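*Asks:*
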Ligand code: NAI
Ligand code: MG
């Protein structure tokens, strides 16, 4: 249906220099205690990239012990000195930018040019941002009179746990490691079994600039290795990014021990286009918000498109043209815009949603559809940007997070009506509003029940802005100074009687 062009396919694996393939515990690269392994598949060709240890509760225990031992000294290192270590990590990541980008593209299936290189650059930005914030781990003095000195101080939490998914493994690992380490904690990070090598490479870079045991990485399956970390009695905080279902189990595990949790979960974010915005830059903004060049495997994807009825047909025409212009193919090819989904499970899920749309007489497929069954794209988990025109915000494809390139366009005529539909979701992560009337767009932005709303653009996260969802999209913020202070340190008050 679209005029999709298939990219070239090459034997590009040789151009990828993989880093470590084992776990990092106490500064050593180690196999799993139980000796089991997991194969990691390249989603573009379904070949095995390499194996990783299938870590278990035994590996988590070893990593926690190593982190506890490192924490005793790391907490006493002056914050500005800790920050300088992060700045050196940022420089080192920058020096290894292309290597990191190629690992990201190879293991995630995200295209090198449109996605993996920007992500590799963001990793360095994350370490540089938090590296400059050591001095902000400060307290206040309270004005209680000359005879009392009462002040607050920021302390690290201890050994913190992080669990990350596969969709942006570099960014997401970096935004757990950097603030945790800057604030004086030691970390045990459980990386995604589908995309572990990006995080292991970043950990190797960190290891060159940090004492052993400050950053530890375990690899393995969620229910075995991740659940053991989330339930570990000596983990003082869990930071999780992934699905809402697993997020719920992380909260349940934390309730046993009353430890803080931060969660960055799914989304089904609205993109609202007003009647005065039937323009090419808006079409670009909507496509960018939908993250088509990441195969829409993004929690902030603007996957519910609310188009004003008066421009519905003309806007859709322009969007179809743009969606058909993407070059889908080998993630490592410079010419590729759109790569592959991560694995067979996600591929099956996304195809299931598309089939559901095809079977629904109330909606119309206007672009894309099921992936090709033959040709070069059938060698991997490639999908085609897909658009369904629908009248309803209620059907399954407009309510559930698809995590694939399936966009649903819903018409609206009245502002109250569109806001009601936009907010009719148990998610509340992001939102997008497009209008030439900025005052009106801002008014709409304020009414959207989401943690991050963009007006007249659909871009990615920027370091420094508090990022996190409302409702079932999460708890707490990331990527900002406040996220480090509130998420990775604790505030103590000390009151001293001076009237002796
Ligand atoms: P997932 O939530 O199962 O996996 C994310 C991470 O959690 C991985 O490291 C995994 O090993 C770990 N994990 C899984 N089960 C666990 C458990 N019981 N205890 C502790 N850790 C556990 O996500 P999955 O299965 O990869 O994707 C399923 C859906 O989740 C996607 O279709 C998408 O809707 C959503 N998702 C959302 C993400 C986001 O950025 N908000 C990222 C990835 C997935
Ligand atoms: Mg899962």
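In my numbering, the protein residues as written are 795 to 1294.
Yeah, the Cβ is synthetic: ideal placement off N, Cα and C, and Gly gets one too.
The structure displayed is predicted, hence computed values, not measured ones.
1) Classify residue 1240 as helix, strand or coil using the three-state DSSP reduction.
2) When you measure from the CB of residue 1093 to every non-hydrogen atom of the ligand NAI, does any distance come out below 7 Å?
3) Whose C-beta lies closer than 6 Å to the C-beta of residue 784 among residues of the same chain, with five residues either side of it excluded?
4) If you reduce the DSSP assignment to three classes, tell me which class residue 1147 lands in.
5) Less than 8 Å separating the beta-carbons of residue 834 and residue 846?
6) Are there any heavy atoms of the ligand NAI lying less than 7 Å away from the beta-carbon of residue 1246, as far as the coordinates show?
7) Pair every Cβ in the region 1147-1161 with every Cβ in the region 916-934, then say whether three or more of these pairs are closer than 8 Å.
8) At what residues does the alpha helix (DSSP H) containing residue 844 begin and finish?
9) Answer yes or no: do residue 1264 and residue 1281 have a C-beta to C-beta separation smaller than 8 Å?
10) If we ignore side chains and look at the alpha-carbon of each, how far apart do residue 760 and residue 971 end up?
11) Per DSSP, residue 1132 forms a beta bridge with which residues?
12) Check whether the Cβ atoms of residue 1085 and residue 1095 lie closer than 8 Å to each other.
13) Candidates 944, 830 and 913: which alpha carbon is nearest residue 1288's?
14) Between the C-alpha atoms of residue 1171 and residue 1271, what's the straight-line distance to the nearest angstrom?
15) Is it the case that the region 1171-1186 contacts the region 1018-1033, given that we only count it when at least three CB pairs across the two stretches are under 8 Å?
16) Which same chain residues end up closer than 8 Å to residue 1114 when comparing Cβ atoms and leaving out the 5 residues on each side of it in sequence?
17) CA-CA distance, residue 801 and residue 1049?
18) Roughly how many whole angstroms lie between the Cα atoms of residue 1233 and residue 1247?
19) Does the distance between the C-beta of residue 957 and the nearest non-hydrogen atom of the ligand NAI fall short of 7 Å?
20) Answer yes or no: the CB of residue 1017 versus the heavy atoms of the ligand NAI, is any distance below 7 Å?
21) Return yes when the C-beta of residue 1262 is under 7 Å from any heavy atom of the ligand NAI, and no when it is not.
22) With distances taken from CA atoms, which of 1242, 1077, 906 and 854 is nearest residue 981?
23) Within a Cβ cutoff of 7 Å, which residues of the same chain sit near residue 922, ignoring the five residues on either side of it in sequence?
24) Considering only the alpha carbon of each residue, which of 1147, 1188, 1067 and 924 lies closest to residue 1303?
25) Can the beta-carbon of residue 957 be found less than 8 Å from the beta-carbon of residue 1034?
26) Any heavy atom of the ligand PLP closer than 7 Å to the CB of residue 858?
27) Below 8 Å on the Cβ atoms is my contact criterion, and I expect residue 1261 with residue 1083 to pass it. Report the Cβ-Cβ distance as a whole number of Å.
28) Rounded to the nearest angstrom, what separates residue 863 and residue 929 at their Cα positions?
29) DSSP state of residue 1102, grouped into three classes?
30) Could you check where the beta strand (DSSP E) with residue 1226 kicks off and where it finishes?
31) Is the region 985-993 touching the region 936-955 in the sense that three or more CB pairs, one from each, lie closer than 8 Å?
32) Give the straight-line distance between the Cα atoms of residue 1210 and residue 1103, rounded to the nearest whole angstrom.
33) Do the region 1065-1081 and the region 993-1007 meet, that is, are 3 or more Cβ pairs less than 8 Å apart?
34) Which residue's Cα is closest to the Cα of residue 1220: 1024, 1165, 1194 and 1155?
35) Given a cut-off of 8 Å, decide if residue 1198 and residue 1140 are closer than it, judged by their beta-carbon atoms.
36) To which residues of the same chain is residue 1196 closer than 7 Å at the C-beta, ignoring the five residues directly before and after it?
*Replies:* Answer, in terms of the structure:
1) For this step, residue 1240 is matched to residue 446 along the chain shown. In the structure shown, residue 1240 sits in a helix (DSSP, three-state: H, G or I).
2) Position 299 of the chain shown, counting from 1, holds the residue named residue 1093. Checking the Cβ of residue 1093 against the ligand NAI gives yes.
3) Not covered by the structure: residue 784. The range shown for the chain is 795 to 1294.
4) For the purposes of this step, residue 1147 is taken as residue 353 along the chain shown, with counting starting at 1. Reduced to three states, the DSSP call for residue 1147 is helix.
5) Translated into the one-based positions of the chain shown, residue 834 becomes position 40. Translated into the one-based positions of the chain shown, residue 846 becomes position 52. Cβ atoms of residue 834 and residue 846: closer than 8 Å.
6) As a first step, residue 1246 is located in the chain shown; it is residue number 452 there, counting from the start. False, no ligand heavy atom lies under 7 Å from that Cβ.
7) no
8) For the purposes of this step, residue 844 is taken as residue 50 along the chain shown, with counting starting at 1. No alpha helix (DSSP H) holds residue 844; the beta strand (DSSP E) holding it covers 842-847.
9) Walking along the chain shown from the start, residue 1264 turns up at place 470. Walking along the chain shown from the start, residue 1281 turns up at place 487. Going by C-beta atoms, residue 1264 is not nearer than 8 Å to residue 1281.
10) Residue 760 lies beyond the residue range present for the chain, which begins at 795 and ends at 1294; the question has no answer from this structure.
11) If you number the chain shown from 1, residue 1132 lands on position 338. For residue 1132, which the question treats as bridged, DSSP gives the partners 1122.
12) Here residue 1085 refers to the residue found at position 291 of the chain shown. Here residue 1095 refers to the residue found at position 301 of the chain shown. Yes, these two residues count as a Cβ contact at 8 Å.
13) For this step, residue 1288 is matched to residue 494 along the chain shown. When each option's Cα is compared against that of residue 1288, the closest is 944.
14) To locate residue 1171, count along the chain shown from 1; it is residue 377. To locate residue 1271, count along the chain shown from 1; it is residue 477. Using only the alpha carbons, I get a separation of about 38 Å.
15) Counting Cβ pairs under 8 Å, fewer than three are found: no touch.
16) In the chain shown, the residue the question calls residue 1114 occupies position 320. Hits under 8 Å: 796, 1160, 1161 and 1181.
17) Taking the first residue of the chain shown as 1, we reach residue 801 at position 7. Taking the first residue of the chain shown as 1, we reach residue 1049 at position 255. Unreliable placement is indicated for residue 801, whose pLDDT of 48 sits below 50; the coordinate value is still reported in the next sentence. Going by the C-alpha atoms only, they are around 49 Å apart.
18) In the chain shown, residue 1233 corresponds to position 439, counting from 1. In the chain shown, residue 1247 corresponds to position 453, counting from 1. Distance between the alpha carbons of residue 1233 and residue 1247 is about 14 Å.
19) Within the chain shown, the letter at position 163 stands for residue 957. Result yes, Cβ under 7 Å from the ligand NAI.
20) To locate residue 1017, count along the chain shown from 1; it is residue 223. Under cutoff, so the answer is yes.
21) Here residue 1262 refers to the residue found at position 468 of the chain shown. No - the ligand NAI has no heavy atom lying nearer than 7 Å to the Cβ of residue 1262.
22) Taking the first residue of the chain shown as 1, we reach residue 981 at position 187. Checked all of 1242, 1077, 906 and 854; the closest Cα to residue 981 is 854.
23) Reading the chain shown from its first residue, position 128 is the one you call residue 922. Only 881 and 884 meet the Cβ criterion.
24) What the structure shows of the chain is the stretch from 795 to 1294, and residue 1303 is not part of that stretch, so it cannot be assessed.
25) Against the chain shown, residue 957 aligns to sequence position 163. Against the chain shown, residue 1034 aligns to sequence position 240. It is a contact, given that the beta carbons lie within the stated cut-off.
26) Annotation note on the ligand PLP: not contained in the displayed structure, which lists the ligand NAI and the ligand MG as its ligands.
27) Start at 1 with the first residue of the chain shown, and residue 1261 comes out as number 467. Start at 1 with the first residue of the chain shown, and residue 1083 comes out as number 289. Between residue 1083 and residue 1261 the Cβ distance is about 15 Å, and since that is not below 8 Å, they are no contact.
28) Numbered from its first residue, the chain shown carries residue 863 at position 69. Numbered from its first residue, the chain shown carries residue 929 at position 135. Looking at the two C-alpha atoms, the distance is approximately 25 Å.
29) In the chain shown, counting from the first residue as 1, residue 1102 sits at position 308. Taken through DSSP and simplified to helix, strand or coil, residue 1102 comes out as strand.
30) What you label residue 1226 is simply residue 432 of the chain shown in a count that begins at 1. From DSSP, the beta strand (DSSP E) with residue 1226 extends over 1224-1228.
31) These segments do not touch.
32) Taking the chain shown and counting its residues from 1, one reaches residue 1210 at position 416. Taking the chain shown and counting its residues from 1, one reaches residue 1103 at position 309. Using only the alpha carbons, I get a separation of about 14 Å.
33) no
34) One-based indexing of the chain shown puts residue 1220 at position 426. Ranking 1024, 1165, 1194 and 1155 by Cα distance to residue 1220 puts 1194 first.
35) In the chain shown, residue 1140 corresponds to position 346, counting from 1. In the chain shown, residue 1198 corresponds to position 404, counting from 1. A contact, by the Cβ cut-off of 8 Å.
36) Here residue 1196 refers to the residue found at position 402 of the chain shown. So the qualifying residues of the chain are 1097, 1144 and 1147.
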